[in-house]
Structures are given as C-alpha cells and as structure tokens.
Ligand code: IVH
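In the working numbering, the protein residues as written are 3 to 699.
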C-alpha cells in the first residue's frame with residue numbers, strides 16, 4: 003500500500019490479490035482478535051475497491067474472496083449455532099447527506115410500481131446502533147440461547163455472557179409466543195467505555211500482564227461478549243436494544259407492521275430506542291436523519307447512522323431480497339468518526355494553568371463531520387504508550403464533543419525509524435523548566451508569572467480578593483488587556499496609566515479612574531498575600547502565611563534551599579520543591595523585582611525564631627468597623643505579631659478590638675471583664691516594641 007509514485011500501476015489481478023490478502027488480514031484482526039488496525043471506513047474502502055475490480059473482471063473472482071462472505075468468521079472456542087432464520091445484513095446508502103434518504107424511497111417506490119400520484123410509503127426510522135448483532139432465543143418464555151450473528155447463517159453460542167446483561171430479559175410475560183427469537187444490538191455506553199479503559203490503564207500501569215485498552219465502545223462490547231470467562235464478561239457493563247425478530251412459533255396474533263412489532267417487544271421488556279418513529283414518505287426520513295445527526299453527539303452511546311424500514315410487513319414481503327440484503331431496509335450513515343491520516347509533527351501546547359499537552363499535527367482529514375488537523379495525545383505516558391511518531395499513519399477519532407484523539411498507530415506503515423516522542427524539559431512558550439511531579443501524569447511549566455500561556459490566569463490569581471486584591475480587575479478586562487498585548491506580565495499592569503485604560507474598548511473614564519485607584523491601593527499589601535498571589539503551585543493562603551511567618555522576608559524565601567523550606571510547618575517535599583523550582587526560574591525572580599520597583603510594598607520582619615512577637619500567646623477578637631484598617635488587615639497585623647485571632651469572645655480572650663457598630667461581642671467582653679481596645683489602642687500595642695526597619699522595597 004505504500005504506493006510508489008513512479009512505479010507502474012499494478013495489474014488488476016495483482017491489485018485484487020493484494021486487496022484480498024489485506025482484507026483477510028483485517029477481517030481476522032477485527033472479528034477474531036477484536037484488535038482492528040484500521041478504521042471501518044478504510045476497510046469498507048478496500049472492500050469496495052475489490053468489489054469494483056471483480057465486477058469489471060469477473061474472471062478474477064475467486065471463491066475465497068472476502069466479497070463472497072459477508073460477515074465474520076465463527077470462533078472455534080464457542081459452540082456454533084445455526085440460526086433458524088438467517089440474520090440479514092442491510093444495504094448501505096453511501097450518500098451521507100440527509101437527502102440521501104430520497105434514493106431509498108425512490109427505489110422502494112419503483113420496486114412497488116408506485117407513481118408520483120400514489121400516497122407516500124410509511125416507514126419506521128430507527129437508530130443504527132454501533133455494537134454487535136445478537137439473536138436471543140426464548141422457549142416457553144425463558145431465555146435459552148444467545149447467539150452472535152457470525153456469517154449470518156451460523157453464529158456463536160454466547161448465552162452465559164449475554165445472560166449477564168441486565169437489560170436482556172431472562173423470562174418473558176405469559177402472552178409472549180412459545181418460541182420467539184428477538185434480534186437486536188449489544189453495545190456499551192460511552193461513559194462506561196471510558197471508565198473501563200480507565201480501569202484497564204490502571205491495571206497496565208500496575209504491571210498486569212495480558213491486559214489492554216479498547217479502541218472504541220464497539221470493540222469493548224465485542225470483546226466482552228466473546229470473553230471465555232463469563233465472570234470477566236459480567237464485569238463489563240453492556241446494554242441491549244431490540245430492533246427485529248427471527249423465528250416465531252405459535253404466535254396467535256402476529257402484527258402486521260414493523261412498528262407494532264417493536265411496540266410488542268417493548269411491552270415484553272426489551273429496550274427499544276425512544277427515537278424510533280413512524281415516518282411517512284421521503285421528507286420525513288430526511289428530517290429524521292437531520293434531527294438524529296444533530297443530536298448524535300449527545301446520545302450516551304455510539305451510532306453510525308440510522309435505519310429506514312418499510313413499515314408494512316406485506317410490503318416487505320413484496321419487496322423481498324437482493325442476495326442477502328432486504329430491499330425494504332437501508333442503513334443511512336453519518337460521516338465516519340474514525341479516519342486514517344498522517345502525523346506531520348508533534349507539538350507541545352501549554353494550557354492556562356501551565357499544563358503541557360502533546361498534540362499531533364495531522365494532515366487535514368474529515369472526521370465526524372469536521373476537518374481535523376490536531377489531535378491530542380493527552381500526556382507523556384499516553385504518547386509513549388501509543389508510540390506516535392512524526393510521519394506515522396494513525397487512526398484519528400472524533401466522537402461527540404470530545405477533542406479529536408489519536409487512537410492508534412499503523413506500525414506496519416511506518417517508514418524508516420522516526421525518533422520516539424519525548425516530552426521537552428523546558429516550556430515551549432517561555433523556556434522555563436518543565437516539571438513532572440511525582441505521582442502526576444502532567445508536566446507543568448514552572449514559569450507561572452512569566453509564561454505567555456499562563457498570563458491571564460496568573461493576573462487573575464494575583465488580583466483576586468484573597469491575594470493582593472485589585473478591585474474591578476476581572477475576567478473580561480484581563481482578557482482585553484492581554485489580547486491587546488498591553489499587558490504581558492504582572493508589572494505591566496502597574497505601568498499602565500489612566501490613558502491606557504481609558505482607550506480600551508467599552509471602558510468609561512470613571513471605570514478607568516477606578517481601576518487605576520484600585521491598582522494604587524493594591525500596592526500596600528502583606529507578605530502572605532503577595533506570596534499567595536504569585537500563584538506558586540501548591541502554595542495556598544495557609545502555606546503563604548506559614549512561609550511569611552517562618553522567614554519574615556521575601557528574599558529569604560526566594561533564596562531558601564529545599565531543606566530550609568522543609569523546616570516550615572506544613573511544608574512537605576512536594577511543596578518545598580515547587581517553591582524552590584519557582585524561584586529558581588530567573589524570569590520569575592525578575593517579575594518579583596519589577597513588582598517591587600513598581601512600588602509594591604509590605605511589612606517585613608525577622609524570621610520567626612528571632613522576630614519579636616510582642617503579642618505571642620495573646621488572643622484577640624475583632625468586632626465592628628474600624629476607621630482606617632479593614633478587618634482582614636487588622637487580622638494580618640495581629641497575626642504577624644504572634645497573636646491569635648478568634649471568632650468569639652470567651653474568658654480566654656485577652657482583648658476585644660471594637661470599631662463602630664460593634665454588637666454582642668462587645669457586650670459579652672464587658673460582661674466577662676475582657677479588655678476592650680479601639681483601633682488606635684491596638685496599633686499602640688503593636689508598636690511596642692516597634693518593628694525593626696519596616697522594609698519598603
Ligand atoms: S435491522 C434486515 N436495525 O446493522 C434487518 N440492524 O447490516 C436486519 N444494526 O448487523 C438488521 N442498528 O447489527 C437493524 N436498528 C437496526 C440496527 C441494525 C444496528 C446493525 C445490525 C446488523 C447491521 C446491518
């Protein structure tokens with residue numbers, strides 16, 4: 003298949019032989035091993051190419067050609083079952099546009115000899131489930147056998163496994179005929195498929211032998227049904243939809259239409275898809291194809307198309323069959339959700355939070371209704387497991403709203419020896435070190451403040467109320483500032499003047515003034531708030547406070563070794579390493595310096611051991627509104643001096659600091675004889691002894 007552009011095209015005989023060999027190979031991978039190497043659409047393409055050659059050169063048709071055997075092979079591991087009534091296949095309408103439905107209606111009308119003035123034909127429109135066909139045999143109302151379709155004549159007895167499917171009734175109501183074969187599709191829901199693969203990945207990661215992940219829900223379902231150990235099959239969550247019937251004996255009142263049949267099956271306890279509907283004439287079929295196509299992504303399971311069936315059984319009989327395919331039914335597909343393409347490059351993208359994601363750049367390919375040029379490889383482990391390399395031919399899948407992903411590589415088609423993918427050790431956006439922490443799957447850029455990819459996130463984090471608090475600097479404004487290119491890093495914010503803000507779109511003068519004032523106000527902050535605002539991974543508010551208390555000064559934190567950081571309460575190895583790496587990035591240090599140069603200031607002190615803690619051991623309660631300080635600021639000051647700030651007054655309270663409109667807490671303090679201070683009194687207490695050289699960098 004590696005077509006050499008300069009070679010002679012192969013003779014039809016050689017090409018047919020080649021195609022037969024390929025189709026045999028892929029049919030074996032698909033039906034027997036449940037490990038397909040190529041998407042169905044590609045298999046179909048090869049199949050049709052062979053059909054076309056054989057049609058043009060009938061002398062090339064061999065009895066063993068895959069075109070002569072529709073369906074799969076019977077596995078020797080399960081007992082073969084001869085179907086009392088053959089399990090048919092359906093003809094496919096290849097035009098995937100909704101209007102393709104008209105071709106079927108036209109064929110039906112022609113075959114029935116109807117003219118334009120005749121009334122519309124009634125159809126049943128159903129979903130085409132993407133699972134595997136199953137025949138369930140009930141005798142005297144009891145499930146006695148479940149068989150796969152096999153080649154349509156002979157399938158496999160998989161009764162023990164199918165009995166584990168909760169949706170398959172084991173016993174039918176008394177009005178069911180004594181012999182009844184119900185046909186339908188066994189499938190796996192998408193969420194259950196994801197969960198199963200998640201479990202499989204965990205098993206593989208834990209070193210389990212012989213485990214694998216599944217390519218798609220259909221293969222997972224097929225694997226479960228063909229599982230020789232039914233205990234394992236029972237753990238695979240399968241579902242069932244009924245859509246047809248086989249042998250029926252002793253039916254007193256057989257229905258006259260497909261639709262009535264489905265309603266009966268439903269009444270007997272079989273799941274019938276709720277979308278199933280009566281449709282009169284071609285327009286109704288077109289509308290159904292359109293409606294289901296629009297909802298397809300939201301269904302909890304995969305469908306690959308819809309099926310139209312002539313409703314009246316008498317008309318079905320009249321229409322009959324062409325070879326094994328009924329003329330009264332057609333499968334109308336949607337664009338395939340899997341396609342083959344080649345990998346042009348493997349890029350690494352950096353997300354808003356600094357997460358590095360490997361992404362395969364693809365030769366454009368039409369999948370699931372859109373042209374796809376990128377597919378995620380999720381993370382380093384996934385990329386390695388799939389072993390995707392530049393130049394590889396891969397299967398891409400786009401199902402539902404999920405981002406397209408590379409399912410697998412066709413290793414046979416690899417040309418030469420492209421190098422395996424490795425995750426870069428530096429951020430492709432800003433050049434900072436990329437770190438993968440123990441126990442995590444993702445690499446992250448450590449240049450949080452500097453990295454272009456993380457700009458918006460970093461600014462919003464810094465500006466939030468619990469950090470330095472820049473009032474009015476929200477999502478929209480940050481978006482605007484960054485997208486306009488006026489703010490690249492945090493210090494840029496402080497360098498922007500009133501005019502810069504006022505010239506932004508949708509920014510009134512008053513708002514511009516407010517934001518400039520808010521920026522000015524935010525310059526007077528505290529060390530814990532500033533530290534928290536830097537957005538160092540794993541450094542939350544509590545850790546920031548502990549760090550500030552322990553080291554007293556920012557420079558000491560920036561220069562601390564991992565060992566020194568480990569001495570801080572609540573700081574473990576992961577946190578210590580994260581802080582150390584953060585301040586190890588020259589860019590991050592640079593941003594901190596620039597912020598100080600812009601006028602950001604806070605009180606600094608001595609490291610905890612030596613710092614004067616004039617209020618150590620004292621408990622304060624704050625109540626009311628203070629004249630100059632906010633409640634948070636007062637708390638920060640008291641805590642920095644070693645005091646504890648409690649929420650309610652008790653005998654253990656040393657001081658209550660009361661502002662305007664102080665209520666019950668003040669009354670309680672007076673009742674208990676606890677000392678009461680105002681803001682000035684509290685500030686006096688803090689001043690003794692006065693803090694050493696308050697640093698305003
Ligand atoms: S009817 C003649 N209805 O599609 C009717 N088949 O090639 C026989 N399928 O193997 C089948 N959804 O597994 C029918 N609503 C539906 C279906 C459906 C999925 C599958 C079935 C069969 C294949 C037809």
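We put the CB at the ideal spot given by N, CA and C, even for glycine.
Keep in mind the model is a prediction, meaning the values are calculated, not measured.
Answer with buried or exposed for residue i, where buried requires no fewer than 16 other C-beta atoms within 10 angstroms of its C-beta.
| i | result |
| --- | --- |
| residue 590 | buried |
| residue 144 | exposed |
| residue 400 | buried |
| residue 723 | Since the first residue shown for the chain is 3 and the last is 699, residue 723 is missing from the structure and cannot be characterised. |
| residue 40 | buried |
| residue 64 | exposed |
| residue 464 | buried |
| residue 508 | exposed |
| residue 323 | exposed |
| residue 588 | exposed |
| residue 517 | buried |
| residue 28 | buried |
| residue 276 | exposed |
| residue 100 | buried |
| residue 76 | Low per-residue confidence applies at residue 76: pLDDT is 43, beneath 50, and the placement is therefore not dependable, though the value from the model is reported in the following sentence. Buried, by the Cβ-count rule. |
| residue 681 | buried |
| residue 467 | exposed |
| residue 246 | buried |
| residue 90 | buried |
| residue 216 | buried |
| residue 107 | buried |
| residue 581 | buried |
| residue 547 | buried |
Among the options, which residue has its Cα nearest to the Cα of residue i?
| i | options | result |
| --- | --- | --- |
| residue 250 | 359, 230, 325, 138 | 138 |
| residue 454 | 282, 29, 430 | 430 |
| residue 344 | 369, 350, 301, 392 | 392 |
| residue 383 | 423, 527, 418 | 423 |
| residue 102 | 218, 287, 191, 228 | 287 |
| residue 219 | 277, 134, 657 | 134 |
| residue 79 | 160, 235, 483 | 160 |
| residue 428 | 169, 450, 420 | 450 |
| residue 2 | 595, 38, 417 | Limits of the chain in this structure are 3 at one end and 699 at the other, which puts residue 2 out of reach. |
| residue 157 | 115, 229, 173, 83 | 83 |
| residue 665 | 333, 650, 501, 656 | 650 |
| residue 544 | 603, 633, 641, 502 | 641 |
| residue 201 | 635, 222, 433 | 222 |
| residue 347 | 335, 376, 176, 368 | 376 |
| residue 239 | 258, 267, 190 | 190 |
| residue 231 | 198, 265, 164 | 164 |
| residue 150 | 411, 648, 309, 225 | 225 |
| residue 317 | 115, 94, 234 | 115 |
How far does the beta strand (DSSP E) with residue i in it reach, from first residue to last?
| i | result |
| --- | --- |
| residue 410 | 407 to 411 |
| residue 646 | 646 to 648 |
| residue 305 | 305 to 312 |
| residue 589 | From DSSP, residue 589 is part of no beta strand (DSSP E) but of the alpha helix (DSSP H) over 588 to 599. |
| residue 84 | 82 to 84 |
On the DSSP bridge assignment, give the partners of residue i in chain order.
| i | result |
| --- | --- |
| residue 360 | 350 |
| residue 657 | 622, 677 |
| residue 378 | 361, 407 |
| residue 368 | 373 |
| residue 334 | 95, 308 |
| residue 159 | 149 |
| residue 341 | 398 |
| residue 228 | Note: residue 228 sits in no beta bridge, so no partner. |
| residue 323 | 328 |
Which residues mark the beginning and the end of the alpha helix (DSSP H) in which residue i is found?
| i | result |
| --- | --- |
| residue 17 | 14 to 29 |
| residue 552 | 543 to 553 |
| residue 535 | 529 to 535 |
| residue 55 | 42 to 58 |
| residue 558 | 556 to 560 |
| residue 564 | 564 to 568 |
| residue 637 | 633 to 642 |
Verify the CB distance criterion: does residue i have a CB-CB separation below 7 angstroms to chain D?
| i | result |
| --- | --- |
| residue 689 | Of the chains in the structure shown, none is chain D; there is only one protein chain. |
| task | Would you mind listing the beta strand (DSSP E) stretches within the segment 237 to 302 that are 3+ residues and don't spill past its ends, in chain order? | result | 241 to 251, 279 to 282
| query | Which runs of the beta strand (DSSP E) spanning at least 3 residues fall entirely within the segment 99 to 143, listed in chain order? | reply | 124 to 131, 134 to 141
| Length at least 4, wholly inside the segment 438 to 523: the alpha helix (DSSP H) runs in chain order | 457 to 465, 477 to 485, 492 to 497, 500 to 504
| said: Please give the ranges of any beta strand (DSSP E) in the segment 163 to 201, keeping only runs that are unbroken, at least 3 residues long and fully inside the region. | reply: 181 to 189
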